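Residue -6 in this note's numbering sits at position 10 of the first sequence; the count goes up by one each step and never skips.
Yeah, the Cβ is synthetic: ideal placement off N, Cα and C, and Gly gets one too.
Keep in mind it's a predicted model, so treat the numbers as computed, not measured.
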Amino acid sequence: MGKVLDDDLIFLVLSIVEEIPEGKVATYGQIAGLADRPNNARLVGKILGMSEYYGEYPCHRVVNHNGRLAPNFHTQKEKLESEGIKFKNDEHVDLKKHKWII
DNA sequence: ATTTTGACACTCT
DNA sequence: CAGAGTGCCAAAA
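Printed below as a string of structure tokens:
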């Protein structure tokens, strides 16, 4: 298998995001690790920013390692709350309770 | 080839 | 808990 990047990486990342169960959240770093690129969390964020172009994915279930929501994704909180995610405050989900463990 | 950018992670204060 | 500083690395400029 050749080097995996852009289009292949996008497909891989999105397929992983698709696996996050309802009521759970994952971090960018976690997704990066599952995609076998543990140091590319930032790339995961960039891909999710464009994910709409590729289809419907539960990208609202991805937050940073502190549980902070994505900037400029104003419907994220309500989507998470609608599936039962609890928040520590306005900007941070309760990762302790809801982090997706494989 | 070099610099900047990014929905990040980690450590230290 | 909030900032600052550092590390990270592919993509785009």
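### Task
Tell whether a beta-carbon distance below 8 angstroms holds between Ile31 and Trp84.
Pairing Ile31 with Trp84 gives a Cβ-Cβ distance that is not under 8 angstroms.
### Query
Quick one, which of Gly17, Lys8 and Gly7 has its alpha-carbon nearest Leu(-4)'s?
Measuring from the Cα of Leu(-4), the nearest candidate turns out to be Gly17.
### Query
Relative to the alpha-carbon of Glu40, which residue among Asn73, Leu(-7), Val1 and Asp(-8) has its alpha-carbon at the smallest distance?
The candidate whose alpha carbon is nearest that of Glu40 is Val1.
### Task
For Phe71, write down the residues that DSSP places opposite it in a beta bridge.
Partner(s): Val77.
### Query
Between His76 and the rest of its own chain, which residues show a CB-CB distance below 7 angstroms, the 5 nearest in sequence each way excluded?
Within its own chain, the residues whose Cβ lies closer than 7 angstroms to the Cβ of His76, once the five positions on either side in sequence are excluded, are Asn50, Gly51 and Arg52, listed in chain order.
### Presumed contact (8 angstroms Cβ cut-off) between Leu(-2) and Tyr38, rounded CB distance
Between Tyr38 and Leu(-2) the Cβ distance is about 6 angstroms, and since that is below 8 angstroms, they are a contact.
### Task
In the DSSP assignment, find the alpha helix (DSSP H) that holds Gly13 and state where it starts and stops.
If you look at Gly13, you'll find it in the alpha helix (DSSP H) that goes Tyr12 to Leu18.
### Message
How far does the alpha helix (DSSP H) with Val97 in it extend, from its first residue to its last?
### Response
Nothing in the structure corresponds to residue 97, since the chain is present only between -15 and 86.
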